[in-house]
Amino acid sequence: MNPDYENLKEEIEEWEEAECMDCGMAYGQAQEWQHYCPVCFKLDRGYKILVGDRHIVWLQQELLDERTIAEEEIEALKDAQKRLFKKARSLKEEVREAEEALEQANREFARLERDYERSRRVLAHKLAMGRNTRSNYDEFYDKIMDLVKLCHPDKHANSARATEMTKWLLSQR
Ligand SMILES: [Zn+2]
Numbered sequence: 043m044n045p046d047y048e049n050l051k052e053e054i055e056e057w058e059e060a061e062c063m064d065c066g067m068a069y070g071q072a073q074e075w076q077h078y079c080p081v082c083f084k085l086d087r088g089y090k091i092l093v094g095d096r097h098i099v100w101l102q103q104e105l106l107d108e109r110t111i112a113e114e115e116i117e118a119l120k121d122a123q124k125r126l127f128k129k130a131r132s133l134k135e136e137v138r139e140a141e142e143a144l145e146q147a148n149r150e151f152a153r154l155e156r157d158y159e160r161s162r163r164v165l166a167h168k169l170a171m172g173r174n175t176r177s178n179y180d181e182f183y184d185k186i187m188d189l190v191k192l193c194h195p196d197k198h199a200n201s202a203r204a205t206e207m208t209k210w211l212l213s214q215r
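Following the working numbering, the numbering of the sequence shown begins with 43 at its first residue and continues without gaps.
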């Protein structure tokens, strides 16, 4: 690179970017009192437009195009970000609903488990106590009383054996 180019770069390093008050394009502002890009300045004064000025216009257009593209990309990214946020919110909602459903299923399962345990105990009890359920007992009682009538001592000439068996039968009720 030509060392003079380096010098030029150094020279313009402190320039601020400004917007031309005429064409609205970007330009390097060397002094704060400058309000127009060099091209508009020269056109305003009727100065001769040189090839360098055409290059300035070309670069101004190029910069504008690049910035327009960048802005469009930023807008597209913002839209994508919005969509992602929306998606994240809806996913969070789905997770919350699923967690609620799971919690409810767990409660239902616990309730069924308690019901099952209770039913199992009732069944075990019924099996163990089968002989003593009310209907079985009623039948048993009736049969004992029939036997008591059949072997009553009155019907067996007051035999000691009949008396003894009647007492035994009555004790079995
Ligand atoms: Zn201008």
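Cβ coordinates follow ideal geometry from the N, Cα and C atoms, glycine included.
First and last residue of the uninterrupted alpha helix (DSSP H) at residue i
i: residue 74; result: No alpha helix (DSSP H) holds residue 74; DSSP gives it neither H nor E.
i: residue 48; result: 45-53
Any non-hydrogen atom of ligand 1 within 6 Å of residue i CB
i: residue 95; result: no
i: residue 67; result: yes
i: residue 46; result: no
i: residue 86; result: no
i: residue 64; result: yes
Inter-residue Cα distance where the pair is residue i and residue j
i: residue 185; j: residue 160; result: 34 Å
i: residue 120; j: residue 128; result: 12 Å
i: residue 199; j: residue 180; result: 30 Å
i: residue 210; j: residue 196; result: 16 Å
i: residue 212; j: residue 151; result: 51 Å
i: residue 91; j: residue 81; result: 8 Å
i: residue 54; j: residue 79; result: 14 Å
Beta-bridge pairing of residue i - partner residues as DSSP gives them
i: residue 68; result: 61
* Asked: Curious, which full-length alpha helix (DSSP H) runs of at least 4 residues does the segment 146-215 contain?
  -> List check, alpha helix (DSSP H) in window: 176-192 and 202-213.
* To do: Kindly provide the ranges of any alpha helix (DSSP H) runs that are 4 or more residues long and lie completely inside the segment 79-118, ordered along the chain.
  => 80-87
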